[in-house]
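In structure tokens, the structure reads:
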């Protein structure tokens with residue numbers, strides 16, 4: 001049993017509260033164990049300069065942590081006057097992942113801004129952000145459908161993410177909490193589609209390495225875990241869930 | 001009746017949820033009407049360089065809004081690489097207000113970091129931040145009392161804030177929501193102590209001016225409104241409320 | 001008697017030298033006791049992007065201190081690469097105050113840039129800046145009248161500012177110098193119009209508080225002091241003074 | 001055959017010129033096809049503040065491109081005043097990868113600064129950087145061995161990197177050049193040790209996804225390609241190559 | 001005759017008002033024709049980190065222009081968040097020039113901060129800054145002599161600067177005003193010592209070139225002009241002038 | 001004899017490798033003794049905003065050093081987030097010098113971007129940059145001639161640069177290496193045209209001064225040295241050399 005009484009292949013409890021904040025077109029609070037992220041999706045009626053005139057949309061993401069989301073208080077990035085490498089890596093990942101399951105040609109020259117703000121952190125904030133942001137984004141597209149601004153849901157597949165890793169005793173585990181994450185030899189983030197394909201695999205042996213058989217075990221754990229997450233997303237999305245894939 | 005069915009001298013409903021986030025020493029979610037602010041108080045066991053060796057503590061505040069706390073999405077200050085004048089003004093105000101009711105000599109060489117993060121905005125975010133931050137700060141001092149790091153509550157008085165203003169028809173009103181705030185001729189933020197004294201008065205006639213009799217009416221509205229807020233703070237703080245003033 | 005031999009209700013000597021710098025459309029050197037500020041008003045024949053096409057003008061202010069305007073040399077804000085919170089607060093205040101007495105619809109799509117550069121500081125730099133900037137601005141509008149670019153003076157009222165405060169012995173005083181300011185319990189900046197109305201009231205009890213009767217005494221001191229300042233402005237402005245209010 | 005006449009499992013020609021620049025402790029110019037990177041390793045006799053007093057060393061990397069390393073000139077990051085997300089991602093990757101094969105406890109409180117400066121780019125700059133930086137780092141440790149500052153080579157394993165990908169016709173290929181990279185559906189960077197274990201796997205389906213069987217094919221291509229690279233590194237390093245692993 | 005009725009070898013009228021600002025240890029307002037610069041010298045009782053423990057002093061300079069010192073208003077460098085290349089070039093020049101005539105070993109571990117703030121510009125602001133800053137610096141050393149902090153004046157020689165240039169009709173002229181400067185083919189700044197030696201020669205043919213005989217004529221004009229400036233400096237400095245050179 | 005066995009009037013060996021990098025329109029690696037600089041010239045088909053619509057071209061330069069081009073590693077300017085005063089001074093000098101020998105009206109609304117990246121430094125990097133950048137620029141114009149985008153070479157004259165200086169024993173020397181440069185009393189950079197005229201003279205007596213006879217000796221040394229450099233440039237440029245001056 002793990003430090004929080006879970007089996008190696010067991011996810012932490014996941015809860016997704018839709019319409020959490022009133023202003024955004026799509027908004028959820030996602031809770032994964034003790035990790036809590038507000039994911040907002042905003043629709044802007046234009047695209048960045050480099051995309052204008054192509055009749056396509058764009059999806060971009062920003063990620064931030066409240067200073068005291070963590071055990072120790074972190075200095076605000078706005079006070080430091082620059083965004084850290086870690087933040088940039090994460091927000092590029094979130095944007096890329098979401099774009100991989102959306103048909104950018106099907107929602108006009110609009111930008112979907114995804115904002116993932118971690119209010120409490122206990123490991124897995126980037127994967128929770130992707131899972132939550134997917135739901136917020138679908139809700140936002142739901143608004144465009146409602147107002148008939150678009151006719152069909154431009155989302156092609158479900159999308160969710162989780163982490164897997166290898167502890168120092170060589171055990172492979174699913175969905176690492178902060179304590180596990182800081183002690184693990186290997187840490188891997190996996191993003192998958194509802195069709196069971198990979199979107200991103202980012203595996204890092206921080207001061208350690210891993211073999212191909214270990215990789216396979218981790219991918220299997222991730223695949224099963226993500227399958228469960230799709231169920232939770234589907235339930236939150238209700239009728240909108242059925243419209244995913246309708247432009248394929 | 002006002003646009004949200006209130007009387008001119010009526011506050012919006014206020015709710016303060018204590019211990020909202022798990023890591024900070026003090027944490028609340030304050031809701032004032034549709035305005036929601038997470039106020040966290042963190043204790044650091046040292047003071048800024050300019051204060052070292054004096055045996056005194058320090059209190060400082062930071063304020064931020066999630067990009068989509070507002071009707072229109074705002075660019076993140078960390079992305080812009082600088083903090084706006086408005087944000088600086090507000091965080092200086094919050095820090096100054098809290099310091100005015102705390103005996104800095106009574107909690108050792110520690111810094112209390114106050115973080116006010118607005119997750120949903122509908123006017124009055126700076127006054128809600130002060131009211132909520134006061135409770136978070138007292139909770140944090142409660143932790144120092146619990147662990148016997150200090151012996152007496154260094155907070156001398158209650159502290160709360162609200163806004164008052166004058167509409168274009170010359171009506172004075174209490175606790176402006178966003179719509180009222182953007183249409184008002186005069187906007188005034190008032191911070192007061194439990195003893196009924198003023199800590200800050202910031203009144204601005206944006207493209208308008210006001211007379212001394214109008215000022216008096218506004219001060220009276222604020223005084224009565226803040227009196228009610230003290231009751232809500234007192235209830236949330238429970239036993240800790242009774243320790244306020246014990247170092248006087 | 002105060003540390004510079006003044007009565008509690010006595011202003012320091014004020015001198016305003018018009019046309020101090022040759023290039024700006026309006027320029028004064030204002031001296032208030034030992035405080036000296038160069039106030040320049042520049043006219044630009046366009047407005048910021050957010051105001052274009054509305055047929056209205058805009059007034060904005062910047063404030064700075066020479067590094068050695070003060071007893072200790074300060075690091076230049078250009079060297080630090082960012083403007084301090086204090087500077088931002090002051091320049092927002094100056095701009096807001098000036099806009100409150102000008103009819104923005106009456107001078108076309110122009111921007112008035114106000115630059116207040118403190119060359120020597122002894123307390124009250126922000127209020128001296130407002131008082132001086134008002135004169136510089138009227139002189140600049142005078143240039144537009146001369147060249148017949150506008151037909152009537154768009155300034156509706158006189159505008160001036162001063163400070164009041166409460167010393168630690170509870171005495172209320174007018175127009176604090178630096179030494180008084182650093183020792184005072186309460187510091188309040190007041191901006192008023194020629195019609196005797198308030199534009200801004202910013203009162204702060206830094207580590208102290210104040211009662212309503214004290215507030216009233218301070219407002220009275222300020223009102224009388226500002227009355228005298230209007231006389232000095234009027235004298236410097238000569239004929240232009242008579243045109244103030246002609247668009248009302 | 002591919003656009004540059006290679007087989008799918010064929011690397012581009014690789015050349016590593018040691019001691020390329022005279023000042024650094026370790027320096028190489030690595031050429032992979034048309035991609036050219038100067039990799040310098042500098043030894044500093046202290047570690048960053050967060051590591052002082054632990055008796056351990058540190059390895060950190062910086063990455064940059066000359067503005068005209070690419071087909072279109074890029075704006076210099078020093079002119080923009082900030083480092084892009086892409087650059088940060090890459091330099092974090094290089095540092096992490098090198099640290100995974102070095103025993104940080106075996107070279108004292110020293111920092112190895114790795115500088116990878118791309119002077120000509122044709123795809124695969126980050127993997128070429130890792131492969132070249134490894135050699136530069138071993139050369140730098142060679143200097144410490146020569147001067148008897150350390151007694152044993154602290155490098156535990158060989159380290160090299162390459163890319164693999166999937167073209168739009170579903171072909172898996174090894175070592176993508178720029179044209180292939182911009183057209184590929186999937187792009188994956190693999191870092192491996194001389195013992196055949198993985199250090200990093202970063203696979204991205206930009207606007208595409210991939211299946212587990214495709215992943216396996218790519219991993220196999222990478223494993224074989226990297227095996228060849230180790231041979232080239234070994235030849236350049238000469239006697240130093242034999243000292244790798246001696247602290248294990 | 002030139003555009004302001006001067007002969008080719010004639011300086012503009014120069015006036016130096018000592019003790020212009022009250023706080024700095026040395027302060028002058030220098031006027032050269034229509035160019036006006038406040039030059040302040042501040043003494044700090046320590047040196048920058050790279051010089052500590054050597055028993056030597058340091059001299060450094062900063063230069064700035066008020067936004068409306070010029071015909072067109074310039075954006076403040078503090079607002080832009082960075083100092084321009086032109087400003088950096090000038091402040092490096094001023095610091096270097098002053099250091100060349102001071103014995104840094106003769107005033108202890110102190111830093112002399114020179115601040116040159118141009119309040120009105122009509123060409124020649126950098127040479128006026130050097131000429132004025134020299135006087136401000138000597139006045140500051142005078143304060144150290146007065147308080148017996150040092151025993152002898154550490155300034156070895158007089159120092160002054162002027163500009164020379166070549167007009168498009170090939171005429172060489174002394175001390176260019178703004179209009180001449182913008183039309184000249186060649187512009188050269190010369191800094192000289194009281195002993196008639198050169199400290200700096202910076203000659204630039206902006207979109208033009210010059211011959212050696214023209215260079216000689218310009219150097220002769222500069223030498224004669226600077227000779228006159230020394231007289232003005234000497235008069236302002238009074239008794240302190242006689243102490244220059246006493247450590248040689 | 002000097003520290004590297006040269007006569008006082010002897011240049012270090014100079015080598016210019018054309019077409020060094022493949023992407024830029026013009027590219028050379030220039031080696032002057034141990035100093036190595038990659039000079040790239042890029043053509044952009046537009047000019048900066050302030051020049052649009054005038055039918056003229058523009059030439060601008062950027063200069064940088066690899067962190068370990070020097071004996072001690074320097075912090076990257078992109079990491080510091082700002083460009084140093086020294087870098088700005090150098091890139092302004094390079095751009096100004098190149099513009100002085102080109103007829104900006106003869107190559108359309110195009111910008112020539114010059115990038116000088118020092119990969120190894122041993123003194124004289126700015127003069128090597130000018131000498132190399134001139135060749136890269138002519139090569140780039142050669143591309144425009146080849147594609148018939150322009151009909152005549154817009155370069156009017158050859159251009160090259162070197163340094164001269166005075167050692168502490170009063171010897172005047174040509175082309176200082178790093179050791180000489182750091183010990184010299186006077187350091188002077190000279191830029192000249194093929195017609196033997198001066199473009200820039202920048203002479204600095206860092207903590208020293210120089211007499212007019214010394215200046216003359218230095219100018220003579222520079223003139224002879226630069227004459228030799230023109231021969232090397234001419235050889236590298238081949239046929240293109242003959243087209244220089246054809247628009248005069």
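Residue numbers (full-length UniProt numbering), protein chains in the order written: chain D, 1 to 248; chain C, 1 to 248; chain V, 1 to 248; chain B, 1 to 248; chain X, 1 to 248; chain U, 1 to 248.
Built from N, CA and C at the ideal position, the CB exists for glycine as well.
This one's a predicted model, so the numbers in the text were calculated from it and none came from an experiment.
The C-beta distance from residue 120/B to residue 36/B rounds to 4 Å, short enough to fall under 8 Å. Across the UniProt domain "Exoribonuclease phosphorolytic" (159-225) of chain B, CB contacts with chain D closer than 7 Å involve 193, 197, 198, 199, 200, 201, 202, 203, 204, 205, 206, 207, 208, 209, 210, 211, 212, 215 and 219, in sequence order along the chain. With a threshold of 8 Å between beta carbons, residue 55/D makes no contact with chain B. Counting other Cβ atoms within 10 Å of its Cβ, residue 189/X reaches 16 or more and is therefore classed as buried. Secondary structure of residue 241/V (DSSP, three-state): helix. In the three-state reduction of the DSSP assignment, residue 27/X falls in the strand class.
Residue contact with chain C for residue 82/D: present (Cβ-Cβ distance below 8 Å to some residue of chain C). Considering only beta carbons, the part of the UniProt domain "Exoribonuclease phosphorolytic" (10-140) of chain V lying closer than 7 Å to chain C consists of 82, 85, 88, 89, 92, 96, 99 and 100, in chain order. In the three-state reduction of the DSSP assignment, residue 203/U falls in the strand class.
The residues 83, in chain order, have a CB closer than 6 Å to that of residue 77/B in the same chain once the five nearest residues on each side in sequence are set aside. Following the DSSP letters along the chain, one finds residue 94/C inside the alpha helix (DSSP H) bounded by residues 85-99. Taken through DSSP and simplified to helix, strand or coil, residue 236/X comes out as helix. Between the segment 159-166 of chain B and the segment 208-218 of chain B, the count of C-beta pairs closer than 8 Å reaches three or more; the two stretches touch. Assignment of beta-bridge partners to residue 80/B by DSSP yields no partner.
Taking 8 Å as the cut-off, the Cβ atoms of residue 209/D and residue 224/B do not count as close. Pairwise C-beta distances place the segment 123-137 of chain X in contact with the segment 88-103 of chain X, as three or more of them are shorter than 8 Å. For residue 6/B, the closest C-alpha among the options 26/B, 25/B, 20/B and 33/B is that of 33/B.
With contact defined as three or more Cβ pairs closer than 8 Å, the segment 43-53 of chain V and the segment 102-116 of chain V are in contact. Straight-line measurement puts the Cα of residue 226/U at about 18 Å from the Cα of residue 245/U. Nearest Cα to residue 248/B within the set 105/B, 65/B and 48/B: 105/B. Closest in alpha carbon position to residue 205/C, among 221/C, 191/C, 195/C and 182/C, is 182/C. Within the same chain, 122 and 123 come within 6 Å of residue 178/C by CB-CB distance, once the 5 residues on both sides are set aside. Judged by their CB atoms, residue 157/V and residue 195/V are nearer to each other than the 8 Å cut-off. Between residue 159/U and residue 199/U a beta carbon distance of about 7 Å is seen, short of the 8 Å cut, so the two are scored as contacting. The C-alpha of residue 144/B is placed about 16 Å away from the C-alpha of residue 134/B.
For the pair residue 22/V and residue 40/V, the CB atoms are not nearer than the 8 Å cut-off.
Looking at the backbone, the Cα of residue 193/V and that of residue 229/V are separated by about 11 Å.
When secondary structure is reduced to three states using DSSP, residue 216/B falls in the helix class. Per DSSP, the continuous beta strand (DSSP E) segment holding residue 187/V begins and ends at 186-193. Around the beta carbon of residue 16/D, 16 or more other beta carbons sit within 10 angstroms, so the residue counts as buried. Your pair residue 187/X and residue 176/X checks out as a contact, with CB atoms roughly 7 Å apart and the cut at 8 Å.
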